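Enquirer: With UniProt numbering as the guide, the letters of the sequence shown map in order to residues 1 to 185.
Glycine included, every Cβ here is placed at the ideal spot set by N, Cα and C.
A quick note: this is a predicted structure, and the numbers were derived from the prediction, not measured.
I am attaching a structure below and will ask some questions about it afterwards.
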Amino acid sequence: MSHHPTPKEVDRTYHPKGYGMSPSLKRARKPFILTNVLIGGTIVAFALGVYAYSISAVQQDDFSDVEDLLPPVEERSKIRSIEDEAREQRAFQSLASVLPTSRNLPPATSTPASPSKAIPEVPFSEAAVADSKATSNWGIKRLGDVEWIRKRGWVDDKGNVLVWGAPDVDRIGRMGDAVSSKKLV
Numbered sequence: 001m002s003h004h005p006t007p008k009e010v011d012r013t014y015h016p017k018g019y020g021m022s023p024s025l026k027r028a029r030k031p032f033i034l035t036n037v038l039i040g041g042t043i044v045a046f047a048l049g050v051y052a053y054s055i056s057a058v059q060q061d062d063f064s065d066v067e068d069l070l071p072p073v074e075e076r077s078k079i080r081s082i083e084d085e086a087r088e089q090r091a092f093q094s095l096a097s098v099l100p101t102s103r104n105l106p107p108a109t110s111t112p113a114s115p116s117k118a119i120p121e122v123p124f125s126e127a128a129v130a131d132s133k134a135t136s137n138w139g140i141k142r143l144g145d146v147e148w149i150r151k152r153g154w155v156d157d158k159g160n161v162l163v164w165g166a167p168d169v170d171r172i173g174r175m176g177d178a179v180s181s182k183k184l185v
């Protein structure tokens with residue numbers, strides 16, 4: 001009678017010593033080694049060629065072909081870069097932090113409608129920073145602060161942007177659920 005090997009015995013012959021290949025598996029793969037090496041080498045060479053070509057295509061030392069698209073040199077020198085604006089903003093904030101925090105207003109006159117009483121007591125540095133934030137257009141804004149979004153009515157009273165058809169945040173469910181009979185906690 002023939003003896004059928006157990007799965008453990010079969011596994012031990014397929015991966016002897018727990019790693020590597022059995023002699024029979026090595027014999028089965030031997031005719032395909034050259035084909036696999038050639039195909040693998042071709043794929044690696046193609047990938048390296050594409051990488052080398054893309055790197056060489058991106059490198060550009062001569063910008064004469066795009067120079068005519070740029071504004072004239074004197075106009076370019078007037079344009080402030082993002083780095084210049086950030087540098088000015090940091091300098092302004094450091095100046096605002098050094099300035100005194102309260103204004104020395106003249107004492108109020110005896111009339112109740114005095115202009116000095118109408119001026120709110122806002123620290124000078126905070127007012128300067130608030131003015132700079134109000135005048136700078138390049139800073140990070142909330143989506144609700146963008147003027148053309150507000151004009152279209154996409155912002156609610158609290159300044160949040162409306163997303164039509166979105167489910168209520170307080171009642172999480174599916175988009176198609178009109179009224180849910182389940183009580184969601």
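Where does residue 66 sit, in a helix, a strand or coil, going by DSSP?
Expert: Counted from its first residue, the sequence shown places residue 66 at position 66. Looking at residue 66 - three-state DSSP - the assignment turns out to be coil, as it is neither helix nor strand.
Enquirer: Could you give the first and the last residue of the continuous alpha helix (DSSP H) run that contains residue 38?
Expert: For the purposes of this step, residue 38 is taken as the residue at position 38 of the sequence shown. Its alpha helix (DSSP H) spans residues 33-58.
Enquirer: Residue 257 to residue 166, Cα distance in whole Å?
Expert: Here the chain has residues from 1 to 185 only, and residue 257 is not among them.
Enquirer: What three-state label does DSSP hand residue 169 in the structure shown?
Expert: Mapped onto the sequence shown, residue 169 falls at position 169. Looking at residue 169 - three-state DSSP - the assignment turns out to be coil, as it is neither helix nor strand.
Enquirer: Report back the beta-carbon spacing between residue 143 and residue 169 to the nearest angstrom; my notes put them in contact at under 8 Å.
Expert: Reading the sequence shown from its first residue, position 143 is the one you call residue 143. Reading the sequence shown from its first residue, position 169 is the one you call residue 169. With a Cβ gap of about 17 Å, residue 143 and residue 169 do not count as contacting.
Enquirer: Where does residue 73 fall in DSSP's three states?
Expert: Mapped onto the sequence shown, residue 73 falls at position 73. Residue state, collapsed to three classes: helix.
Enquirer: Could you compute how far the alpha carbon of residue 69 sits from the alpha carbon of residue 62?
Expert: Within the sequence shown, numbered from 1, the residue matching residue 69 stands at position 69. Within the sequence shown, numbered from 1, the residue matching residue 62 stands at position 62. Taking the straight line from one Cα to the other gives about 14 Å.
Enquirer: Would you say residue 14 and residue 2 are within 9 Å of each other, going by their C-beta atoms?
Expert: Walking along the sequence shown from the start, residue 14 turns up at place 14. Walking along the sequence shown from the start, residue 2 turns up at place 2. It is not a contact, given that the beta carbons lie outside the stated cut-off.
Enquirer: Are there 16 or more other CB atoms within 10 angstroms of the CB of residue 96, so buried, or fewer, so exposed?
Expert: Along the sequence shown, one-based indexing puts residue 96 at 96. Looking at its Cβ environment, which holds 16 or more other Cβ atoms inside 10 Å, residue 96 is buried.
Enquirer: Going by DSSP, what residue range makes up the alpha helix (DSSP H) through residue 8?
Expert: Taking the sequence shown and counting its residues from 1, the one referred to as residue 8 is at position 8. It spans 7-14 - the alpha helix (DSSP H) in which residue 8 sits, taken as one unbroken run.
Enquirer: Tell me which same chain residues have a C-beta within less than 8 Å of the C-beta of residue 156, skipping the five on either side of it?
Expert: Counting from one through the sequence shown, the residue named residue 156 turns up at place 156. The answer, listed in chain order, is 162.
Enquirer: For residue 91 and residue 81, what's the separation of their Cα atoms in angstroms?
Expert: As a first step, residue 91 must be located in the sequence shown, where it is residue number 91. As a first step, residue 81 must be located in the sequence shown, where it is residue number 81. Each residue's Cα considered, the two are about 15 Å apart.
Enquirer: Which of the three DSSP states, helix, strand or coil, is assigned to residue 146?
Expert: Here the question's residue 146 lines up with position 146 in the sequence shown. Three-state DSSP puts residue 146 in coil, outside helix and strand.
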